[in-house]
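Number of protein chains: 2
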Amino acid sequence: MNIGEVAQLSEVNSKMIRRYEEQGIIPKAGRSEAGYRQYSERDVHILKFVKRSRELGFSMKDIKQLVSLWKNKARSSSQVKNIAQKHISELEKKLHETQTMLSTLNHLVKNCHGDHRPDCPILDELECH
Amino acid sequence: MNIGEVAQLSEVNSKMIRRYEEQGIIPKAGRSEAGYRQYSERDVHILKFVKRSRELGFSMKDIKQLVSLWKNKARSSSQVKNIAQKHISELEKKLHETQTMLSTLNHLVKNCHGDHRPDCPILDELECH
DNA sequence: TCTGCACCTTCCCCTTAGGGGAAGGTCAAA
DNA sequence: TTTGACCTTCCCCTAAGGGGAAGGTGCAGA
């Protein structure tokens, strides 16, 4: 398969496939005589794994490790679990930050008339803190 | 005041102060004869406003508008409220995405033994989707 | 007066996870 | 043979900073 076909099958676009190769996340593709990258079903499989990992918010650094563990039949599941748990903590931290912002913002918006007058508790809060 | 002092007072570092000036978020500072930027209390005030806005997650694009509305005594509070409400929707979207990721990840981690064995439901999920 | 140090200036590169597009080569169908 | 789709590499852009180099300035101490 050429890169376009594998991009369609994996739902990872060609640009990203080349980048993932460059970053060592997927193996270097073989080349046709003309220099076109050549792929197999196996590559589609890896790319789907990468895509699903991205959907769960893993960083490319994590994904590189995950792909490597996935390929390594001598892995221990604790290694995978550690990566996931670290990721969970980071997401929880972000979640908390976002919730904090939202509760402040909701409070401010509730108290803002939102009419033609200039008085605005949102600006007051931004100013005074 | 030189940039270092205003950086300390506003808790926005010099690098960022220069960048904000470049982006038109804060007014261009006057210069000393030697070319050093010169600031007043007023600039500290604006920078604190910017900092607090960042803490609430506003983008620099939004902040540019917010600063401009803040300065403009003929503003209507509805303009400010619109910016805040749009920001709230975006944060809520992110929040939801993060929550979705977390619930999947927590489920996976719960089912992973995390021991020396290679079997791992986390990798299974990443693979199969 | 000289020197050293802290501070200032501009400039460039790096980060994440992509996306846009240019210039040029390849392939297959009409 | 031409045309259009596809491929290649290369460079630039995003957002919100951070690091650091090279060189100028200001001030205190010797």
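Those protein sequence lines, which keep their order, are chains A and B. The first sequence begins at 140 in our numbering and counts up one residue at a time. The second sequence begins at 140 in our numbering and counts up one residue at a time. Glycine included, C-beta positions come from ideal geometry on N, C-alpha and C.
Opposite R170 (chain A) in the DSSP bridges: which residues?
-> A:R176
Out of B:S242, B:K233, B:S171, B:S192, point me to the one whose CA is closest to S149 (chain B)'s CA.
-> B:S192
Examine the Cβ distances between the region 218-232 of chain A and the region 168-184 of chain A and report whether three or more of them are shorter than 8 angstroms.
-> no
Indicate whether at least one CB of chain B lies closer than 8 angstroms to the CB of S171 (chain A).
-> no
Please report the Cβ distance between L205 (chain A) and I222 (chain A), rounded to the nearest whole angstrom; I am assuming they are in contact, meaning their Cβ atoms lie under 8 angstroms.
-> 6 angstroms
Does any C-beta atom of chain B lie closer than 8 angstroms to the C-beta of Q147 (chain A)?
-> no
Tell whether a beta-carbon distance below 8 angstroms holds between T237 (chain B) and L265 (chain A).
-> no
Can a CB atom of chain A be found closer than 8 angstroms to the CB of D201 (chain B)?
-> no
Give the straight-line distance between the Cα atoms of P260 (chain B) and H235 (chain B), rounded to the nearest whole angstrom.
-> 24 angstroms
CB-CB under 6 angstroms to V151 (chain B), same chain, minus the five flanking residues each way: which ones, in chain order?
-> L186, K190
Helix, strand or coil: how does DSSP classify Q162 (chain B) here?
-> coil
Three-state secondary structure assigned by DSSP to A252 (chain A) = What sits at residue 252 (chain A) in the sequence shown is His, not Ala. Coil at H252 (chain A), not helix or strand.
So is A173 (chain B) buried or exposed if we call it buried at 16+ other beta carbons inside 10 Å?
-> exposed
May I have the straight-line CA-CA distance separating E160 (chain B) from N211 (chain B), to the nearest angstrom?
-> 19 angstroms
Pair within 8 angstroms by beta-carbon distance, H226 (chain A) and L244 (chain B) = yes
CB-CB under 7 angstroms to K167 (chain B), same chain, minus the five flanking residues each way: which ones, in chain order?
-> E160
Which whole-angstrom value is the C-beta distance of S153 (chain B) and G163 (chain B), which I expect to be below 8 angstroms?
-> Contact flag wrong, Cβ pair sits at about 18 angstroms.
Measuring alpha carbon to alpha carbon, tell me which of A:R170, A:S171, A:F188 ends up nearest W209 (chain A).
-> A:F188
For N141 (chain B), which residues from the same chain have a beta carbon less than 6 angstroms from its beta carbon, with the 5 sequence-adjacent residues on both sides left out?
-> Y175
Using the rule of at least 16 other Cβ atoms within 10 Å of the residue's Cβ for burial, across every protein chain shown, is D182 (chain B) buried or exposed?
-> buried
Quick one: which residues of the region 240-255 of chain A get their C-beta closer than 9 angstroms to a C-beta of chain B? List them in chain order.
-> M240, L241, T243, L244, N245, L247, V248, C251, H252, G253, D254, H255
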